[in-house]
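> Provided herewith is a single structure, encoded as C-alpha cells, for subsequent inquiry.
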Amino acid sequence: MKVAVVGLGYVGVALSVVLAQSGYDVVGIQRRSYRSGWKIDWINKGRSPIRGEEPDLAEFLLEAVKSGKLRAVENTHEINDSEVVIITVQTPIKGDKEPDLIHLINACREVGKNLSKGSMVCIESTVPPGTTEFVVKPIIEESELKLGIDFNLVFSYERVTPGHLIENLRMLPRVIGGITTDCAMRGKEFYETFCMGEIVITDSRTAETSKLVENCHRDVNIAFANEASLICKALGVDFFEVKEFVNTLPNREGAGNPYRNILEPGAGVGGHCLPKDSHLLLHSFQKTKDGFKPQLIPMGRMINESMPGYMYDLINEALDEAGNKIHESKIGILGLSYKEDTGDPRNSPTIKLIELLDIPVRVHDPYIADHLLVKPQSLVDTILGSDCLVVMTRHSQYRELELECIASMMRTRVIVDGRNLFDPEECASNGFIYRGIGHISR
Ligand code: SAJ
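Count the sequence shown with our numbering and you get residues 588 to 1029, in order.
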C-alpha cells in the first residue's frame, strides 16, 4: 500500500522510515522551501537530515531508500494514488502567540486537490482543538470529496522526543481521534500495522486536546521544578537534595502511594512543542468565551520563559563577585540546542540568553555547526581565555570535561551552570566562583 507523508521534519522523516520498514511504499513530500527543500535530495541519497543522536534512523533510512520503499519528492501529485496521506507539517505560533496554521492549510489544500476517493487523511501535526473538524475537513471538501463517503479523516498525535524518534513511533501508545467512528476505526486499523503500543480511539477534538494537555502538564511540571528551585536557593537549601528526597516516595503499582516525580530545574524550556502548546490550547479555550480564567498553565509558561533571564542574573552576580563587568567579559556558552544530545536550536533558551547578553559571545554545540544568530566555535575556543563558562545544554560530551583543565584555560574562573552539569563542591575546590540553578551559591 502506498502512503504519502507531507512535511519532512523530524516527525515526518522518522515516520516515513518506520512506515517503509513496515513494508509500505512511502513517498515523503516536501516543498522546496529555503529551510527544508535540501532534505529531498539528501533523503534520496539515503542520508538522514536529522541532526543529533537518533538510534537506527540513519541506517533504516538508507535501507528504505536503497530498497525503493522510501523516496522524497516535491510534487504533491504523488498524493493521488496514496491510500493514506499523513500530514506532519509544523504548526508554530506567531509573535503574538497566535497559532500559525498556514503550513497546515497549504498542505490540506494540496491534499484536497490530489486526494483519491477511498483514501484516509491523518493529521499528526499538533493543532488547536477543533482544527481537524473545522479547518482541515472543509478545505479537503472544497474538492467535492465528501467525508465518510470519499475519504476518512483522523487526528493522531505523535509523542516522539528527539533522541528516541524510531523507538517512540513504534512503541508508544497512540490516541486516534476520528471525525466519525468509522474514521477512527479505520485509523486504528492502519496504525496497528506498525505501532506496537496500545491504540485507543476517540473523537478528533478529544485527541487534539489530549496532546496539548499532555505537553502543558510537562511544561507546568518543569515550571514547578524551576520555581521550587528558586525558593530553595533563597532558603539556602540545595534543591537537588530536596528533589532526591521527595522523589523517594515509591511508585509501587497498586500500593496507592501518591508518589512524586519532580522534574529538572534548568536554564529554560525550548523546542518545537512545549513553548507553543499551551498557547494552542488556550487559543481554542478563549474562543469558547467561557468565564473561567486559566492561570496555572499561562503562569507556568511565563516561569519557564523567564529562566534565561535568571541565568543572565546569575552570570551578572558571579562576574560581579569576580570583579568583572558583564559587558567587559568574555563569555563562553556550552550548548546551542534546546535539548541534550540533539541538534535543534528552535526556541532554544541559549538564543534568548544571547539576546539578553547583547555582547559578542562564543558558543559551542557538538551538533550545530551554523546558526543565523551566532557562529558556533570549537570547544577549546569557547573555553580558552573566557571569564565565565555558561552551561545551557547538558550534552553528554560535556560530562567528560575536567574542571582542572577548564580552570587552566580560562582567564577568570567563573562557572554558571544551568543544567546541573558540574558538582558545586568540585567547582569550589578548583577555585571557581560558582552559580548553578538548583544549587546553593558558593
Ligand atoms: N526540560 C527541563 N526540565 C526537565 C525536562 C525538560 O528544563 O525536567 C527542558 C529541556 O531542556 C528542553 C525542554 O524542556 O529545553 C523540552 O524538553 P522535553 O524533554 O520536553 O523535550 P521535547 O520538547 O522534545 O518534548 C517532547 C515532546 N514530544 C512532542 O510532542 C514532540 C513531549 O510530548 C514529551 O513530553 C517529551 O518529549 C518527553 O516526554 O520526552
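The C-beta atom is built at its ideal place from N, Cα and C for all residues, glycine as well.
#1: Taking the beta strand (DSSP E) that L921 belongs to, which residues open and close that run?
#2: Using 8 Å as the threshold, is the segment 819-837 in touch with the segment 897-911, meaning 3 or more CB pairs across them?
#3: Should the segment 599-614 be regarded as contacting the segment 682-691, the criterion being three or more beta carbon pairs within less than 8 Å?
#4: G594: beta carbon under 7 Å from a heavy atom of ligand 1?
#5: According to the Cβ coordinates, are R746 and G764 closer than 8 Å?
#6: Expressed to the nearest angstrom, what Euclidean distance is found between the alpha-carbon atoms of S871 and A794?
#7: What three-state label does DSSP hand G765 in the structure shown?
#8: When the Cα atoms are used, what is the spatial distance from V714 to P845?
#9: Tell whether a beta-carbon distance below 8 Å holds between V723 and V672.
#10: Need the endpoints of the alpha helix (DSSP H) that P616 sits in, please.
#11: By how many angstroms is the C-alpha of I890 removed from the C-alpha of A810?
#12: Using DSSP with H/G/I as helix, E/B as strand and the rest coil, what is M628?
#13: How long is the line joining the alpha carbons of E779 and K912, rounded to whole angstroms?
#14: My guess is that A659 and V676 are in contact by the Cβ rule of under 8 Å, so how many angstroms apart are they, rounded?
#15: Taking DSSP as the reference, what is the three-state secondary structure of M996?
#16: Taking only the alpha-carbon atoms, compute the straight-line gap between T937 and T929 and give it to the nearest angstrom.
#17: Would you list the one or two residues that DSSP bridges to N739?
#18: In three-state DSSP terms, what is I788?
#19: Apart from the five residues on each side of it in sequence, which residues of its chain come closer than 8 Å, Cβ to Cβ, to D687?
#20: Would you check whether ligand 1 has a heavy atom nearer than 7 Å to the C-beta of L759?
#21: Between the beta-carbon of A771 and the beta-carbon of T796, is there less than 8 Å?
#22: Answer yes or no: the CB of V762 versus the heavy atoms of ligand 1, is any distance below 7 Å?
#23: Just how far apart, CA to CA, sit F777 and M997?
According to the data block:
#1: Unbroken beta strand (DSSP E) run through L921: 918-921.
#2: Cβ pair count under 8 Å is below three, so no.
#3: The segment 599-614 vs the segment 682-691: no contact.
#4: Answer for G594: no, Cβ out of range of ligand 1.
#5: Cβ atoms of R746 and G764: not closer than 8 Å.
#6: Taking the straight line from one Cα to the other gives about 14 Å.
#7: Secondary structure of G765 (DSSP, three-state): strand.
#8: The straight-line gap from Cα to Cα measures roughly 32 Å.
#9: For V723 and V672, no; Cβs fall outside 8 Å.
#10: Checking the sequence, you will find Ile at residue 616 rather than Pro. Not the alpha helix (DSSP H): I616 falls in the beta strand (DSSP E), residues 612-616.
#11: Straight through space, the alpha carbons of I890 and A810 are spaced by roughly 6 Å.
#12: Reading off the sequence, residue 628 comes out as Asp, not Met. In this structure, D628 counts as helix in the three-state DSSP scheme.
#13: CA-CA distance, E779 to K912, rounds to 59 Å.
#14: A659 to V676, Cβ: 15 Å. No contact.
#15: Residue state, collapsed to three classes: helix.
#16: When rounded, the distance between both Cα atoms is 14 Å.
#17: Partner(s): M707.
#18: Strand, per DSSP.
#19: Apart from the 5 residues on each side of it in sequence, D687 sits with its Cβ closer than 8 Å to the Cβ of T678, P679, I680, K681 in its chain, given in chain order.
#20: Closer than 7 Å to some heavy atom of ligand 1: that does not describe the Cβ of L759.
#21: No, they are not a contact pair.
#22: No, Cβ of V762 sits at least 7 Å from all heavy atoms of ligand 1.
#23: Going by the C-alpha atoms only, they are around 57 Å apart.
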